[in-house]
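**Student:** Questions regarding the structure given below will be posed in turn.
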Amino acid sequence: MMANILDGIVLGLQFGLLAAGLTLVYGLGGVLNLGYGQIAVTSAMVVAFAMDAGMPVLPAIGLGLLAGGLLGLFLDLTILRPVYRLRGEARVLLSLLLTLGVSFIVDGFLNWRYPLEALSLRIGGGAVEILGVPMRRGSLVASAITLVTFAGLFVFFRYTSLGRAIRSVIQNEEGARLIGIDPKKMLRLILILSGVLAALVAVTRSMVAPVDTKSGLSITVFALIVTVVGGLGDVGGALLAGIILGIINVVAADFIGSYISLIILLGAAAVTLLIRPAGLLGVKE
Amino acid sequence: MSHSPTRRAGTFLIGGTEAHTSRSLPALLLPITAVGAALALVPLWLGDSRVLMGVAVLGLAFACYAIGFNLIFGSTGQLFLCVGALAGVGGYGAAILADTVGLPILVSILVATLAATLIGGLLSYVAVKRSLGVIFAGIVTLIFTLSFDALLLGLSNLTGGDTGRSIKTGAETFLRDQIPPYYLMLALVLVFLLVHGLLRRSHIGWAFRALRDDEIAAELAGVDVARYRVYGALIGAAMLGLAGSTYAFTEGRLSPTTFGFGQVDVVVLVMLAFGGIGTLFGPIVGAVTFTIVDEILIDFGQLRQVAYGILIIVLFLRMPRGLIPAMDSLWRRVRGLVGGRE
Numbered sequence: 001m002m003a004n005i006l007d008g009i010v011l012g013l014q015f016g017l018l019a020a021g022l023t024l025v026y027g028l029g030g031v032l033n034l035g036y037g038q039i040a041v042t043s044a045m046v047v048a049f050a051m052d053a054g055m056p057v058l059p060a061i062g063l064g065l066l067a068g069g070l071l072g073l074f075l076d077l078t079i080l081r082p083v084y085r086l087r088g089e090a091r092v093l094l095s096l097l098l099t100l101g102v103s104f105i106v107d108g109f110l111n112w113r114y115p116l117e118a119l120s121l122r123i124g125g126g127a128v129e130i131l132g133v134p135m136r137r138g139s140l141v142a143s144a145i146t147l148v149t150f151a152g153l154f155v156f157f158r159y160t161s162l163g164r165a166i167r168s169v170i171q172n173e174e175g176a177r178l179i180g181i182d183p184k185k186m187l188r189l190i191l192i193l194s195g196v197l198a199a200l201v202a203v204t205r206s207m208v209a210p211v212d213t214k215s216g217l218s219i220t221v222f223a224l225i226v227t228v229v230g231g232l233g234d235v236g237g238a239l240l241a242g243i244i245l246g247i248i249n250v251v252a253a254d255f256i257g258s259y260i261s262l263i264i265l266l267g268a269a270a271v272t273l274l275i276r277p278a279g280l281l282g283v284k285e
Numbered sequence: 286m287s288h289s290p291t292r293r294a295g296t297f298l299i300g301g302t303e304a305h306t307s308r309s310l311p312a313l314l315l316p317i318t319a320v321g322a323a324l325a326l327v328p329l330w331l332g333d334s335r336v337l338m339g340v341a342v343l344g345l346a347f348a349c350y351a352i353g354f355n356l357i358f359g360s361t362g363q364l365f366l367c368v369g370a371l372a373g374v375g376g377y378g379a380a381i382l383a384d385t386v387g388l389p390i391l392v393s394i395l396v397a398t399l400a401a402t403l404i405g406g407l408l409s410y411v412a413v414k415r416s417l418g419v420i421f422a423g424i425v426t427l428i429f430t431l432s433f434d435a436l437l438l439g440l441s442n443l444t445g446g447d448t449g450r451s452i453k454t455g456a457e458t459f460l461r462d463q464i465p466p467y468y469l470m471l472a473l474v475l476v477f478l479l480v481h482g483l484l485r486r487s488h489i490g491w492a493f494r495a496l497r498d499d500e501i502a503a504e505l506a507g508v509d510v511a512r513y514r515v516y517g518a519l520i521g522a523a524m525l526g527l528a529g530s531t532y533a534f535t536e537g538r539l540s541p542t543t544f545g546f547g548q549v550d551v552v553v554l555v556m557l558a559f560g561g562i563g564t565l566f567g568p569i570v571g572a573v574t575f576t577i578v579d580e581i582l583i584d585f586g587q588l589r590q591v592a593y594g595i596l597i598i599v600l601f602l603r604m605p606r607g608l609i610p611a612m613d614s615l616w617r618r619v620r621g622l623v624g625g626r627e
């Protein structure tokens with residue numbers, strides 16, 4: 001049981017990080033970015049190519065994160081311009097349709113040009129025992145990176161004035177504008193941050209399993225599910241939802257078997273969504 | 286969300302030109318007959334090629350899916366991201382009932398269609414009761430699609446898993462001939478068009494328009510929004526299930542990609558957006574156009590996906606209401622220039 005819970009937490013941290021970038025953009029801008037997984041995959045390809053060209057691992061990862069941020073900025077400057085002119089659900093709908101188009105372009109191009117390329121950052125060495133359970137080194141490093149990232153996000157949103165400004169826009173766009181915060185500028189920052197987080201997802205994921213050019217859709221879909229369960233725009237909710245879903249998935253896989261565990265995971269997400277449409281930690285409007 | 290939620294989601298996509306309501310019955314039957322006559326000529330032209338006839342039958346199946354989805358999304362504003370899954374419940378359900386359980390072919394189609402109808406109705410009922418918005422309803426139905434995919438892979442003794450299964454029932458009948466399946470699917474398309482056309486003229490169509498244009502106003506005017514949403518989903522899901530199961534027997538082979546999200550849902554959305562969401566003939570225009578475009582692009586492999594991506598973006602940016610409303614307003618402008626005011 002201990003092993004299940006630890007494995008679940010490791011998987012859950014992955015889920016949580018997956019959702020963090022998506023939930024911020026959704027919560028702040030009402031923009032549902034279906035190209036999120038493709039940003040992750042493209043960044044993974046950048047890291048892989050940099051390493052193929054002989055670059056050491058850490059600078060290559062840095063380059064990948066930069067690429068993710070630039071892709072987020074690119075989306076903000078191009079395809080999302082007309083989206084920002086709309087409000088409410090119309091905005092979400094147009095953003096998801098346009099970014100779906102982007103994801104097709106990226107997926108099609110990568111699968112055509114580099115069908116066999118994949119990023120795999122294997123971390124050698126034997127298993128490490130934690131609370132009597134042997135854990136793979138790769139998953140531990142990935143989990144550590146995720147925890148540090150979340151800690152950074154919490155500090156940023158709670159204690160820096162920029163982070164608070166962003167939160168104020170999430171809570172009330174008009175009010176934030178009245179006290180002199182430019183929501184557009186905040187949105188651009190968040191899209192860059194979201195791109196960097198997507199790249200980080202690709203990096204940590206590749207420590208556990210290879211990230212190839214076909215991973216984009218599944219990254220987006222799982223990020224989306226964790227996002228809605230956690231509540232829109234809520235980084236803490238994303239972390240909590242990720243860990244709960246991760247534990248459910250691992251426990252169900254252990255007791256019942258693989259494909260039904262996925263259905264149980266999906267069912268849990270659907271039920272949460274129906275019972276608490278505002279998300280686990282959300283308050284009803 | 287921070288901004289004021291508008292409940293009129295999707296109206297920016299949906300054409301407002303509704304000229305069909307006051308027309309007489311012949312005015313409805315005439316264009317449907319014309320579409321039927323035009324499409325009935327296709328086998329004269331492609332009938333020699335087994336491959337091209339297969340493409341044409343698939344195109345008609347997509348026209349059916351698009352009409353069903355149009356009823357759910359276009360008429361009642363519910364974003365169902367489980368078009369392929371509902372058609373798949375019909376297709377796989379009918380195949381399993383006929384081959385494994387041994388029911389007669391018509392009974393198995395009926396039962397599978399009923400199953401798809403009930404699932405569609407249930408999804409809609411839950412979404413309406415919990416007053417989920419367009420996006421959340423979309424995510425719940427997407428979760429259903431993912432679960433259905435997981436089931437297809439998991440129950441491999443029934444579904445054949447990743448490689449799929451063949452259907453023995455109907456193998457020696459006209460269903461697997463070269464031409465008859467085309468007319469069978471065409472008949473479905475025409476019946477669906479007629480049903481949708483008649484619905485639009487009835488009080489149900491009136492309620493659909495009211496709730497789509499302004500949900501709150503419709504509710505205040507005494508339209509039971511929840512009930513009509515569920516009606517729309519039931520009818521649309523029945524069309525999806527019937528089309529999926531009929532197509533399955535003409536095809537004789539099923540695999541997860543036959544009803545996959547990327548292969549069906551996304552394509553149907555693009556077809557409908559191109560033709561005009563919420564219009565009667567938009568699904569036909571979209572399905573015919575994209576079946577032809579797809580056939581032209583077939584040699585480009587993965588680049589075809591790039592082309593689709595560009596198309597989606599251009600379409601939703603430049604012509605968010607689709608071809609039919611765009612042509613309609615162009616025609617009005619031309620008529621206004623030539624003949625003065627009406």
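Chains A and B, in that order, are what the protein sequence lines are. One point on numbering: in my numbering, the residue at position 269 of the first sequence is 269, and numbering is uninterrupted. To convert, count from 1 in the second sequence and add 285; that's my numbering. Where a beta carbon is used, it is the ideal one built from N, C-alpha and C, also for glycine. Keep in mind that this is a model prediction, so the values were computed, not measured.
#1: Apart from the five residues on each side of it in sequence, which residues of its chain come closer than 8 Å, Cβ to Cβ, to A:Leu147?
#2: How would you list, in chain order, the residues of chain B whose beta-carbon sits under 8 Å from the beta-carbon of A:Pro56?
#3: Residues of chain A with CB closer than 9 Å to the CB of B:Leu582, please, in chain order.
#4: Can you have a look at B:Tyr513 and say buried or exposed, based on whether 16 or more other CB atoms are within 10 angstroms of its CB?
#5: Return the CA-CA distance between B:Arg497 and B:Trp491, expressed in angstroms with no decimal places.
#6: Does A:Ser206 pass the burial test, meaning 16 or more other C-beta atoms within 10 Å, or should it be called exposed?
#7: Classify A:Met135 as helix, strand or coil using the three-state DSSP reduction.
#8: Determine whether the beta carbon atoms of B:Cys367 and B:Phe477 lie at a separation below 7 Å.
#9: Counting only beta-carbon atoms, is B:Tyr350 nearer than 7 Å to chain A?
#10: Can you list, in chain order, the residues of its chain whose CB lies under 6 Å from that of A:Leu17, leaving out five sequence neighbours each side?
#11: Given that a residue counts as buried once 16 or more other Cβ atoms are within 10 Å of its Cβ, and exposed if not, what is B:Phe421?
#12: Mind pulling the chain A residues with CB within less than 7 Å of B:Val419?
#13: B:Asn355 to A:Pro115, Cα distance in whole Å?
#14: Given B:Leu382, which residues of its chain have a CB within under 7 Å of its CB, disregarding the five upstream and five downstream residues?
#15: For the candidate residues A:Leu65, A:Val235, A:Asn4, A:Leu280, whose alpha-carbon lies nearest to that of A:Gly152?
#16: Below 7 Å between beta carbons: does that hold for A:Thr220 and A:Ala19?
#17: Give a yes or no on whether the minimum CB-CB distance between B:Gln548 and chain A is below 7 Å.
#18: Since I believe A:Phe109 is in contact with A:Leu239 (beta carbons under 8 Å), could you give me their beta-carbon distance rounded to a whole number of angstroms?
#19: For chain A, is any of its Cβ atoms less than 7 Å away from the one on B:Ala435?
#20: Compare the C-alpha of A:Leu281 against each of A:Ala241, A:Gly64, A:Ile263, A:Tyr84 and name the closest.
#21: Do B:Thr402 and B:Leu519 have their CB atoms nearer than 7 Å?
#22: Measuring CB atoms only, is the stretch 111-131 of chain A touching the stretch 582-598 of chain B, in the sense that at least three cross pairs come out at less than 8 Å?
#23: When the cut-off is 7 Å and only beta carbons count, does B:Leu391 lie next to chain A?
#24: For B:Asn442, count the other beta carbons within 10 Å of its own beta carbon; 16 or more makes it buried, fewer makes it exposed. Which is it?
#25: Would you decide whether A:Ser218 is buried or exposed? Buried here means 16 or more other CB atoms lie within 10 Å of its CB.
#26: Can you pull the chain A neighbours of B:Tyr532, defined as C-beta to C-beta under 9 Å?
#27: Do the CB positions of A:Gly69 and A:Gly195 come within less than 7 Å of each other?
#28: Output yes if chain A places a C-beta closer than 7 Å to the C-beta of B:Leu588; else output no.
#29: Name the chain B residues whose beta carbon is nearer than 7 Å to that of A:Tyr36?
#30: Any beta-carbon of chain A closer than 7 Å to the one on B:Leu431?
#31: Within the continuous beta strand (DSSP E) that includes A:Val128, where are the two ends?
#32: Kindly indicate which residue of B:Val340, B:Trp616, B:Met470, B:Gly571 has the alpha-carbon position closest to the one of B:Met524.
#33: List the residues of chain B whose Cβ lies closer than 7 Å to the Cβ of A:Asp107, in chain order.
#34: Which runs of the alpha helix (DSSP H) at least 4 residues long sit entirely within the stretch 250-284 of chain A? Give them in chain order.
#35: Can you name, in chain order, every residue of its own chain whose Cβ lies under 7 Å from the Cβ of B:Gly571, other than the five neighbours on each side?
#36: From the beta carbon of A:Ala19, is the nearest beta carbon of chain B less than 7 Å away?
**Tutor:** Put simply:
#1: Closer than 8 Å at the Cβ level, and outside the excluded window around A:Leu147, lie Leu13.
#2: Here the premise fails: no neighbours, minimum Cβ distance about 32 Å.
#3: Those do not exist, as B:Leu582 stays about 11 Å from chain A at its closest Cβ, beyond 9 Å.
#4: Classification for B:Tyr513: buried.
#5: B:Arg497 and B:Trp491: Cα-Cα distance of roughly 10 Å.
#6: By the Cβ neighbour-count rule, A:Ser206 is buried, with 16 or more other Cβ atoms within 10 Å of its own.
#7: For A:Met135, the secondary structure class from DSSP, reduced to helix, strand or coil, is strand.
#8: No.
#9: It does not; no Cβ of chain A falls within 7 Å.
#10: Cβ within range, chain order: Thr146, Val201.
#11: Buried.
#12: Those within 7 Å of B:Val419 in chain A are Glu89, Leu93.
#13: Taking the straight line joining both Cα atoms gives about 35 Å.
#14: For B:Leu382, the CB contacts under 7 Å within the same chain, skipping 5 residues up- and downstream, are Leu388, Ser393, Val396, Ala397 in chain order.
#15: Nearest C-alpha to A:Gly152: A:Val235.
#16: No. Outside cutoff.
#17: It does not; no Cβ of chain A falls within 7 Å.
#18: The pair is not a contact, with the Cβ atoms about 33 Å apart (cut-off 8 Å).
#19: B:Ala435 counts as touching chain A.
#20: Nearest C-alpha to A:Leu281: A:Ala241.
#21: Annotated as proximal: B:Thr402 and B:Leu519, with beta-carbon spacing under 7 Å.
#22: Between the stretch 111-131 of chain A and the stretch 582-598 of chain B there are three or more C-beta pairs closer than 8 Å, enough to call the two in contact.
#23: No, B:Leu391 does not count as interfacial toward chain A.
#24: By the neighbour-count rule (16 or more Cβ atoms within 10 Å), B:Asn442 is not buried but exposed.
#25: The C-beta of A:Ser218 has fewer than 16 other C-beta atoms within 10 Å across all chains shown, which makes the residue exposed.
#26: Here the premise fails: no neighbours, minimum Cβ distance about 24 Å.
#27: With respect to A:Gly195, A:Gly69 sits close: the two C-beta atoms are nearer than 7 Å.
#28: Yes - at least one Cβ of chain A is within 7 Å of the one on B:Leu588.
#29: The premise fails here: A:Tyr36 is roughly 14 Å from chain B at the closest Cβ pair, so nothing lies under 7 Å.
#30: Yes, B:Leu431 lies at the interface with chain A (some Cβ there is under 7 Å from its Cβ).
#31: Note, A:Val128: beta strand (DSSP E), 128-130.
#32: Cα-wise, what sits closest to B:Met524 is B:Met470.
#33: Residues of chain B passing the Cβ test: Gln590.
#34: The qualifying runs are 258-275.
#35: Excluding positions up to five away in sequence, the list reads Ala351, Met556, Leu557, Phe559, Gly560.
#36: The beta carbon of A:Ala19 sits no closer than 7 Å to any beta carbon of chain B.
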